[in-house]
Amino acid sequence: MQPPAALFAKLCTPAPRRPTDESPTVSRGDPNMLDIRALRQDGEAIAEALRKRGYELDLDAFRALDARRKDADVRSQDLQAQRKKASREVGELIKSGMEVDAAKAKVAETLKEIDDQLDGEVERAKAIQEQIRDFLMGVPNVPVEEVPAGSDEDDNVEVRQWGTPRSFDFEPKDHVDVGENLGAGALDFERASKLSGARFAVMTGQLARLHRALIDFMLDTHTGEHGYQEVYVPYLVGPEALRGTGQLPKFEDDLFKMRGERELYLIPTAEVPVTNLAADEIVDADTLPRRYTCHTPCFRSEAGSHGKDTRGMIRQHQFEKVELVQLVRPEESEATLEALTGHAEAILKKLDLPYRVVVLCGGDLGFSAAKTYDIEVWLPSQQRYREISSCSNFRDYQARRMQARWRNPETGKPELLHTLNGSGLAVGRALVAILENYQNEDGSVTVPEALRPYMRGLERLV
RNA sequence: GGAGAGGUGGCAGAGUGGUUGAAUGCAGCGGUCUUGAAAACCGCCGAGGAUUUGCGUCCUCCGUGGGUUCAAAUCCCACCCUCUCCGCCA
Numbered sequence: 001m002q003p004p005a006a007l008f009a010k011l012c013t014p015a016p017r018r019p020t021d022e023s024p025t026v027s028r029g030d031p032n033m034l035d036i037r038a039l040r041q042d043g044e045a046i047a048e049a050l051r052k053r054g055y056e057l058d059l060d061a062f063r064a065l066d067a068r069r070k071d072a073d074v075r076s077q078d079l080q081a082q083r084k085k086a087s088r089e090v091g092e093l094i095k096s097g098m099e100v101d102a103a104k105a106k107v108a109e110t111l112k113e114i115d116d117q118l119d120g121e122v123e124r125a126k127a128i129q130e131q132i133r134d135f136l137m138g139v140p141n142v143p144v145e146e147v148p149a150g151s152d153e154d155d156n157v158e159v160r161q162w163g164t165p166r167s168f169d170f171e172p173k174d175h176v177d178v179g180e181n182l183g184a185g186a187l188d189f190e191r192a193s194k195l196s197g198a199r200f201a202v203m204t205g206q207l208a209r210l211h212r213a214l215i216d217f218m219l220d221t222h223t224g225e226h227g228y229q230e231v232y233v234p235y236l237v238g239p240e241a242l243r244g245t246g247q248l249p250k251f252e253d254d255l256f257k258m259r260g261e262r263e264l265y266l267i268p269t270a271e272v273p274v275t276n277l278a279a280d281e282i283v284d285a286d287t288l289p290r291r292y293t294c295h296t297p298c299f300r301s302e303a304g305s306h307g308k309d310t311r312g313m314i315r316q317h318q319f320e321k322v323e324l325v326q327l328v329r330p331e332e333s334e335a336t337l338e339a340l341t342g343h344a345e346a347i348l349k350k351l352d353l354p355y356r357v358v359v360l361c362g363g364d365l366g367f368s369a370a371k372t373y374d375i376e377v378w379l380p381s382q383q384r385y386r387e388i389s390s391c392s393n394f395r396d397y398q399a400r401r402m403q404a405r406w407r408n409p410e411t412g413k414p415e416l417l418h419t420l421n422g423s424g425l426a427v428g429r430a431l432v433a434i435l436e437n438y439q440n441e442d443g444s445v446t447v448p449e450a451l452r453p454y455m456r457g458l459e460r461l462v
């Protein structure tokens, strides 16, 4: 589907921001934020915006629930206030000389009346608050205005292309054939399946080394040239972290969960542990922006992807990724998404791999994302671009879920951060792209210049 | 795995039953002073929520969940986490 010219222009220029005279207070008036106040005030606008991603917000249910909550809050708080007052009275009576028992007797009647209702009312209020929380946890982020309409990846809009796909004077093989020709067991899916079943790979020798070289190269580039700090994190996380970034509660099926009483999950992406570094914190403004880059393996069950990309290592249960994560002030997130996407693109440029950038349409947007650019690398065997990176602005959505805040010096108040992340890049897919784009007719593979320092100068895999 | 210590506001660190959301210090904010800055001095300064046009009033929160009590940061129980020592171990 071709983009209308007007829409294309809109995507390429930064959208105008809100008026500067508006106070920078986080929780009011901005319909892009899915917080409960915004939902009360601008329910219709938010519901409309969510429709763009194919989500139907049940406003009536929310409002009914919210009304019940209000009622329950008022009742339980009133009872609690009465009770506190009575018990303070006892203290004062004792202080002014009354016998302890006499003082107690004086309020016994009142207390009994209150207690008859108190527990029930508090219980009820808690239960309703819980319901509201559950409801809100299940609502995806609101797309920003410039996200194009559309239902699936066919409606994503190309923003730019870089590089020219190489023209081969022989029939290019796909990465599986290239890899298997590189020497016994260089890329071995059969022995991987002996160990772990489908969707795993074994690599040996120079290919394994190239894979590792990619990781080093990416980390060095991001730390050395793009201002990121390298970070090492756990690969097992608890449910709270996954709720924070949005994998839970809705996408538990996509995760590998540990057995045992400790409730731990294998991370599906470094986004989870790295973004959650800021959970439950109020960070100083002068530590922002925080830029983290992190190499981790990623584990995904790929439930619901049966039959998709079954050949090769494009879609694996375990793959390596170098991730970029940024925690920024709200007013910076929009520009940061452009910069971060550029950082991921820089890797492909250095590797001289042709790619294009698309902006995801509403229907293809991930649950927590407000806006996403996918970077797609050219794969000769498929004669098409395939996703190798996904860069998203989550605005304050994840921050709200994980209570990640910063102290705004202008207001002195804690406000929600904006979080972003992107793959920089998916290592397995980068390896696939190199094998396919750098293959030679004799079955060897040229090592991209940028990686040679990481391969002790090796120029070719044979 | 065994023994001990501890989890309090942005940070550090008091507080062991009563009006304490919490001393004090640092940081932060405002002011005095100064040509400016520093220093000094004075004042303000936890978070979330309900309600109100607003002033305000109220509720919750001292790791989590229970319990005792008229009243819990403070007492009791369980759990989680951190630290120290011992054992084991990459």
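For the first sequence, my numbering assigns the number 1 to the initial residue and increments by one for each residue that follows.
Virtual Cβ for every residue (Gly too), placed ideally from N, Cα, C.
Three-state secondary structure assigned by DSSP to residue i
i, result
"Thr287", "helix"
"Tyr265", "strand"
"Ile94", "helix"
"Val462", "coil"
"Leu57", "coil"
"Thr446", "strand"
"Ala270", "coil"
"Phe8", "Here Phe8 scores only 34 on pLDDT, less than 50, and its place in the model is too uncertain to base an answer on."
"Val325", "strand"
"His306", "coil"
"Tyr235", "coil"
"Leu136", "helix"
"Arg407", "strand"
"Pro165", "coil"
"Arg40", "helix"
Assigned exposure category for residue i - 16 Cβ within 10 Å defines buried
i, result
"Gly422", "buried"
"Arg460", "exposed"
"Phe189", "buried"
"Thr164", "exposed"
"Leu337", "buried"
"Gly59", "Going by the sequence as given, residue 59 is Leu instead of Gly. The residue is exposed, with fewer than 16 neighbouring Cβ atoms inside 10 Å."
"Ser23", "Caution applies to Ser23, whose pLDDT of 29 falls short of 50 and renders its modelled position unreliable; the value that the coordinates give is listed next. Exposed: under 16 other Cβ atoms inside 10 Å."
"Arg429", "buried"
"Asp374", "buried"
"Cys12", "Note that Cys12 has pLDDT 33, beneath the 50 cutoff, so the model's placement of it is unreliable and the number below is only indicative. With fewer than 16 other Cβ atoms within 10 Å, it is exposed."
"Met313", "buried"
Contact set for residue i: own chain, Cβ-Cβ below 7 Å, skip 5 residues either direction
i, result
"Leu288", "Leu327, Val328, Arg329, Trp406"
"Arg497", "This structure cannot settle anything about residue 497, because the visible part of the chain is limited to 1 through 462."
"Tyr292", "Tyr228, Gln229, Val231, Val274, Val325"
"Glu302", "Arg199, Arg315, His317"
"Glu376", "Tyr355, Arg356, Val358, Tyr385, Arg386, Glu387, Ile388"
"Phe217", "Ala450, Leu451, Tyr454"
"Asn440", "Thr446"
"Pro234", "Pro273"
"Asp442", "none"
"Pro448", "Leu351, Asp352, Ile434, Tyr438"
"Ser305", "Arg315"
"Ser333", "Asn393, Arg395, His418, Leu420"
Close-in-space but distant-in-sequence residues of the same chain around residue i (CB under 8 Å, 5 per side omitted)
i, result
"Leu417", "Ala278, Val283, Leu288, Leu327, Val328, Arg329, Pro330, Asp396, Ala399, Ala404, Arg405, Trp406"
"Asp495", "This structure cannot settle anything about residue 495, because the visible part of the chain is limited to 1 through 462."
"Val166", "According to the sequence provided, residue 166 is Arg. The question's Val does not apply to it. Result list for Arg166: Pro354, Pro380, Asn437, in chain order."
8 Å contact criterion, which residue i and residue j should meet: CB distance rounded
i, j, result
"Ala285", "Asn393", "In fact, because the Cβ distance is near 20 Å, the residues do not count as touching under 8 Å."
"Leu57", "Leu50", "5 Å"
"Thr372", "Cys391", "7 Å"
"Leu207", "Leu187", "6 Å"
"Asp174", "Ser381", "3 Å"
"Asp426", "Lys350", "The sequence shown places Ala at residue 426, not Asp. Incorrect: roughly 16 Å between the Cβ atoms, too far for contact."
"Phe299", "Leu266", "4 Å"
"Leu118", "Arg83", "6 Å"
"Arg401", "Arg243", "6 Å"
"His295", "Ile347", "With 8 Å as the limit, His295 and Ile347 do not qualify as a contact, their Cβ atoms being about 13 Å apart."
"Gly238", "Leu264", "6 Å"
"Gln129", "Arg75", "The Cβ separation is near 13 Å, so there is no contact."
"Lys250", "Phe367", "7 Å"
"Thr204", "Gly185", "5 Å"
Bridge-paired residues (DSSP) for residue i
i, result
"Met313", "BP columns for Met313 are empty, so no partner."
"Ile375", "Val357, Ser389"
"Lys490", "Because residue 490 is not part of the residues shown, which for the chain are 1 to 462, the question remains open."
"Arg395", "Thr419"
"Met203", "Leu187"
"Val157", "Val359"
"Phe319", "Cys298"
"Gln229", "Tyr292"
The ligand SAH heavy atom lying under 6 Å from the CB of residue i
i, result
"Phe256", "As far as ligands go, the structure on display features none, and thus does not contain the ligand SAH."
Residues of its chain near residue i, where Cβ-Cβ distance is below 6 Å and the 5 sequence neighbours each way are ignored
i, result
"Ala241", "Val272, Asn276"
"Gln161", "Arg356"
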